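Asker: The opening position of the sequence shown corresponds to residue 2 in the working numbering, with each subsequent residue numbered one higher.
All C-beta atoms, glycine included, are put in the ideal place defined by N, C-alpha and C.
Note that the coordinates shown come from a computational prediction; the quantities given were computed from them, not determined experimentally.
This is the structure, below, for whatever I ask next.
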Amino acid sequence: MLTILTGIAYPIAVTAIARLAFPKKSIGSLMKANGKPIGSELIGQPFTSPGYFWSRPSACDYNGTSSSGSNLGPTNDDLTSVVLSRVEFLRAAGPDKESRVPVDLVTASGSGLDPHISPAAANYQVERIARERGIPAAKIRELIAIHIQGRTFGLLGEPRVNVLQLNLSLDSLIAK
2 MLTILTGIAY PIAVTAIARL AFPKKSIGSL MKANGKPIGS ELIGQPFTSP
52 GYFWSRPSAC DYNGTSSSGS NLGPTNDDLT SVVLSRVEFL RAAGPDKESR
102 VPVDLVTASG SGLDPHISPA AANYQVERIA RERGIPAAKI RELIAIHIQG
152 RTFGLLGEPR VNVLQLNLSL DSLIAK
């Protein structure tokens, strides 16, 4: 009887409640383009084309089954080496950049699957994207401003931008 209760009835009840209370989130917050799922609002994915906003690095190569951050501590030489190589890569992609590279563009999040970057990280990439796409940087900055999500409940977390949503909007901006 306990097996039926905990193995069948409970999961069905929890799933039903989730579907009613959070219909979009309970099925993964999937985002679609042309009717086809292309990703989730909740899971980061890699973007490597210079004409797109790049996501935060992932310690688990964006693999949801092995979600994790890095175990490298701040005094570990391997972490220093990885971060410095990421900084060099970003500067090479936008050699006109003299400003400091935002930390979230060179370090992985705790889960390794964070779909967001800071507004500073998004703005750092504007010149590269404008150059690649041939559109005014001001237009891209407007797009970023529209997509900034504030702190949860006004005090938890930091302002952030969902990279997948931003890139989809960037594509629709080009299509117009």
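Given that a residue counts as buried once 16 or more other Cβ atoms are within 10 Å of its Cβ, and exposed if not, what is residue 104?
Answerer: To locate residue 104, count along the sequence shown from 1; it is residue 103. Burial call: exposed.
Asker: By the 10 Å Cβ neighbour count, where 16 or more other Cβ atoms means buried, how is residue 45 classified, buried or exposed?
Answerer: Position 44 of the sequence shown, counting from 1, holds the residue named residue 45. Residue 45 comes out buried.
Asker: Cutting at 7 angstroms between CB atoms, please list the residues of its own chain near residue 138, excluding the five before and the five after it.
Answerer: Against the sequence shown, residue 138 aligns to sequence position 137. Hits under 7 angstroms: 127, 128 and 131.
Asker: DSSP beta-bridge partners for residue 150?
Answerer: Counted from its first residue, the sequence shown places residue 150 at position 149. Answer is 161, bridged to residue 150.
Asker: Any idea what DSSP makes of residue 109, helix, strand or coil?
Answerer: Here residue 109 is taken as the residue at index 108 of the sequence shown, counted from 1. Reduced to three states, the DSSP call for residue 109 is coil.
Asker: So for residue 155, helix, strand or coil by DSSP?
Answerer: Position 154 of the sequence shown, counted from the first residue, corresponds to residue 155. Three-state result, residue 155: coil.
Asker: Secondary structure at residue 58, three-state DSSP: helix, strand or coil?
Answerer: Here residue 58 corresponds to residue number 57 of the sequence shown, with the count starting at 1. Correct three-state label for residue 58: coil.
Asker: Short check: CB of residue 133 to CB of residue 52, under 8 angstroms?
Answerer: Position 132 of the sequence shown, counting from 1, holds the residue named residue 133. Position 51 of the sequence shown, counting from 1, holds the residue named residue 52. Yes, the pair counts as a contact, with Cβ atoms nearer than the cut-off.
Asker: Residue 145: buried (16+ other C-beta within 10 angstroms of its C-beta) or exposed?
Answerer: Translated into the one-based positions of the sequence shown, residue 145 becomes position 144. With 16 or more other Cβ atoms within 10 Å, it is buried.
Asker: Quick check: the region 54-62 against the region 108-121, are at least 3 beta-carbon pairs closer than 8 angstroms?
Answerer: Touching, per the Cβ criterion.
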